[in-house]
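For the protein sequence lines, the chains are A and B, in the order given. Each residue of the first sequence is one higher than the last, beginning at 4 in the numbering used here. Each residue of the second sequence is one higher than the last, beginning at -7 in the numbering used here. Every residue gets a Cβ at the ideal spot worked out from N, C-alpha and C, and that includes glycine. Everything numeric in this text was worked out from a predicted model, so none of it was measured.
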Amino acid sequence: MQTVFDDQIEIELRHVSKHFQLTEGRTLREFLPALFRGKGFSEPFYALRDVSFDIRRGETVGIIGRNGSGKSTTLKLIAGVTAPSTGDVYVAGRVSPLIELGAGFHPDLTGRENVHLNASILGMGSREIDRRFDDIVSFAELWDFIDTPVKRYSSGMYIRLAFAVAVHANPEILLVDEVLSVGDAFYQEKCVEKMHEFQRQGVTIVVVSHSLELVESFCERVIWMDHGRAVADGPAKAVVQRYNDTVSHHQQALV
Amino acid sequence: MSQNTVARRPSLSHRFGLFDVIPHLIAFFKRWDLLWHMTVRHLRGQYKQSVLGYAWAFVNPLSQMLILSFVFSTILRFSSEGEPYPVFLFVGLVPWIFFSGAVQSATDSVVGASSLVTKVYFPREILPTAAVLTKLVDLAFGLLILAGIMVYYGTPPELTTAWVPLIFAIHFIFALGLALPLAALNLFFHDVRFLVGVALNLWFYLTPVLYPADTIPDKYSFIFDINPNAIFIHAYRRVIIHGDDPGLERILAGLAISLVVFFVGYYAFKKLEPGFADRI
C-alpha cells in the first residue's frame, strides 16, 4: 500500500477487479445444495479486471466502451454503492451521482417533499437544503407544480427536478451516466451549460456516454474500457480516434 | 494508512472489522436528518392510496384486540392477573404489535429501496431504522386505544408507568438489532421474509401476551427466561397494571441481551452491506 498521497488526486483505483456470480441462487433451495456440493453457483463473470487509474481534482474524464465493458460498474465503485472484489478504490470528496436521475423520488410525495428527501440522500443538511431550495425549483422551472405529487409529473419534469437537486448538492465529484442524452434540446443545453460551469469551478466530473461526440467535446481525457479492462487512457481526441478506428476495423472484418 | 494528507473515503470494503462498528455508528447518527426524511417517506407511502388513511393504524390493533378479548376471555376464560382481560391483553398486545410490525417491515426495507441502493451511497442502516421508527406512529395509536380501554374499565395506569419509556427504549434496541441482520439477509435469500413471518407467529404464542407469565409450567419457564419479549411484556404489565417496579434483574438481563443483539446485528449488517447493490 502506498503511504504518500498526492492530495490533488481525487479518485484512485488500484488493481480493481469486480466479479459477479451470474446465476441467481437467491432461495435456500438453490443455495443449500450448491453449498453441500462444495462449489459456487457458477463461473464468476468479471465486470472489471485489474483496472487502475487516478483522476485529479478538477479533471473531466469520459469513459467510453461497448455495452458490458465495465463503464457503469466503474461509476458505481466511485459512487460507493458497490465494492471491488479485489483491489482498492479511494475517493476524496462529496460525490453527487447523476445516475438515473430521480431514483430517490417517492411518487406519492410532492415535488417539495422530494427535493428535501433527495437532497438529504445526496448528503445535504436541512439548513443547506432550505437555503438552496429556491434555486433548485427555479432551475427546474417547476414553481407551478412544486406542491403536486411527482407521480403527476411528466417524465421531463421529473428529470428536470432530479437534475436540479443533484447539481445543487454542491458536489466535489459529479458522476454522469448518460443523463445528458435525455430530455429536450433546451434541457440538454441547460445541462451542458451547468456542466461547463462546474468545470470552471474545478469540480471533478466523470462522464459515461455512448455519444463519442459529447465525450470528445466535453472531456479533456478519455478512458476506453473493453471487457472489463482499461485498454486506453489519454487525451480525448486521441483515444476516441483509436476507438473509432477499432470499431470501423471490426465492422470491416464482419463484412 | 490512507488518512495522511487528505481525508479519503475508502471504498466499501468486505474487510469490516469489529472495531469499525463505532465510527460507522457515528457516521450513521450524523445523518439523522436523512433518517427523518426516510421515516416520513415511509410513513407517507404506507397509507397514502387508502381511503381511510391513518385510520387503518387504528383498525388493525382494535380488531385484534376485540377478537382476542372475545376468544380468550369469553370462550376460553384465560386468567388475567385480576384485571379486566381486555386491559391485561392490551398492555401486552400494543408493544407486541409494535415489535412484530417493526421487524416485518424492516426486513423488507432494503429490498424495497432497491432503486436507491443501486444508485447512491448513504448508510444503509437508515432504511431498516426508518422502517422501525415508522411503527412508532402505529404504537401511538395503539396507546390511544389502550388509554380508551383503561378509562372504560375504570383502571387507570399506576404511577410506576413512568418506567415505560425506559423499558420501551430497551425493547426498541432489541427490535432494531434483530431487524438489521434480517433486512440484510433478505437481500441474499428472499426466503427470509417468509421465515420472519412464520417465526413471529410462533414467537407470539411463546410470549405471554394472551396469558399471564405465571401460568407457564416450571418445566417450560426457561422459554420465558430467555425470551426478551417475555421480559419486556411482563415488565410493562408490572409497571402499568400492578404498580410494581419492572423487576430490575430481568430488565438488566433484557438490556444485556438487547445490546448484544444490536451490536451483533449491526456488525452483520455492515459486513454484508458492500454486497447489497450486487444482490438486488
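- Between the region 225 to 235 of chain A and the region 64 to 76 of chain A there are three or more C-beta pairs closer than 8 angstroms, enough to call the two in contact.
- Secondary structure note for Y93 of chain A: its beta strand (DSSP E) is the uninterrupted segment 89 to 94.
- At a cut-off of 8 angstroms between beta carbons, F114 of chain B contacts chain A.
- When the beta-carbon positions are compared, V206 of chain A and L178 of chain A stay at least 8 angstroms from each other.
- Around the C-beta of E75 of chain B, 16 or more other C-beta atoms lie within 10 Å, and the residue is accordingly described as buried.
- Spatial neighbours of I137 of chain B in its own chain (CB-CB distance under 8 angstroms, excluding positions within 5 residues in sequence) are listed in chain order as F50, P53, L54, M57, F82, V86.
- Between the alpha carbons of H34 of chain B and D138 of chain A lies a distance of about 27 angstroms.
- Under a criterion of Cβ atoms nearer than 8 angstroms, no residue of chain B is adjacent to H18 of chain A; the nearest Cβ is some 13 angstroms distant.
- Cβ-Cβ separation between L101 of chain A and V92 of chain A: approximately 19 angstroms, too far for a contact (criterion under 8 angstroms).
- Contacts between I149 of chain A and chain B, judged by CB atoms closer than 7 angstroms, are missing: the closest CB pair is about 16 angstroms apart.
- Against chain A, the CB of A176 of chain B has no partner CB under 8 angstroms away; the residue lies outside that interface.
- Between the C-alpha atoms of V54 of chain A and V19 of chain A there is a straight-line separation of about 5 angstroms.
- Counting C-beta pairs closer than 8 angstroms gives fewer than three between the region 210 to 218 of chain B and the region 105 to 114 of chain B, which falls short of the contact rule.
- The C-alpha of T85 of chain A lies about 30 angstroms from the C-alpha of G189 of chain B.
- Between S92 of chain B and P78 of chain B, the C-beta spacing is not below 8 angstroms.
- By the neighbour-count criterion, in which a residue is buried when 16 or more other Cβ atoms sit within 10 angstroms of its Cβ, L112 of chain A is buried.
- Of the other Cβ atoms in all chains shown, fewer than 16 fall within 10 Å of the Cβ of I18 of chain B; this residue is therefore exposed.
- Taken in chain order, the unbroken stretches of alpha helix (DSSP H) that lie wholly in the region 20 to 58 of chain B and span 4 residues or more are 24 to 39.
- For D100 of chain B, there is no enclosing alpha helix (DSSP H), as DSSP marks it with neither H nor E.
- One finds H29, R33 in chain B with Cβ atoms closer than 7 angstroms to the Cβ of L120 of chain A, taken in chain order.
- The beta-carbon separation of G246 of chain B and P220 of chain B, rounded to 5 angstroms, stays under the 8 angstroms limit for a contact.
- Bridge partners of H22 of chain A according to DSSP: A:Y49.
- Judged by beta-carbon spacing, N117 of chain A lies within the 8 angstroms limit of V153 of chain A, meaning their Cβ atoms are closer than that value.
- Rounded to the nearest whole angstrom, the C-alpha separation of M198 of chain A and S106 of chain B is 28 angstroms.
- For V231 of chain B, there is no enclosing beta strand (DSSP E); the residue is found in the alpha helix (DSSP H) stretching over 220 to 232.
- One alpha carbon belongs to F261 of chain B, the other to F20 of chain B, and they sit about 13 angstroms apart.
- Judged by beta-carbon spacing, L168 of chain B lies within the 8 angstroms limit of V124 of chain B, meaning their Cβ atoms are closer than that value.
- Taking 8 angstroms as the threshold, the shortest C-beta distance from H213 of chain A to chain B does not fall below it.
- Within chain A, no C-beta atom comes nearer than 8 angstroms to that of A19 of chain B; the closest sits roughly 11 angstroms away.
- Among the residues facing chain A, R185 of chain B is not included, as its CB has no counterpart in that chain under 8 angstroms away.
- In terms of Cα proximity to R130 of chain A, the closest of B:L26, B:T153, B:F164, B:W88 is B:L26.
- When rounded, the separation of the alpha-carbon atoms in E175 of chain A and G239 of chain B is 54 angstroms.
- Bridge pairing for G237 of chain A: A:V225 [DSSP].
- Nearest Cα to C194 of chain A within the set A:I162, A:R69, A:R52: A:I162.
- When the alpha-carbon of E181 of chain A is set against those of A:A256, A:F23, A:L78, the nearest one is in A:L78.
- Taking 8 angstroms as the threshold, the shortest C-beta distance from K79 of chain A to chain B falls below it.
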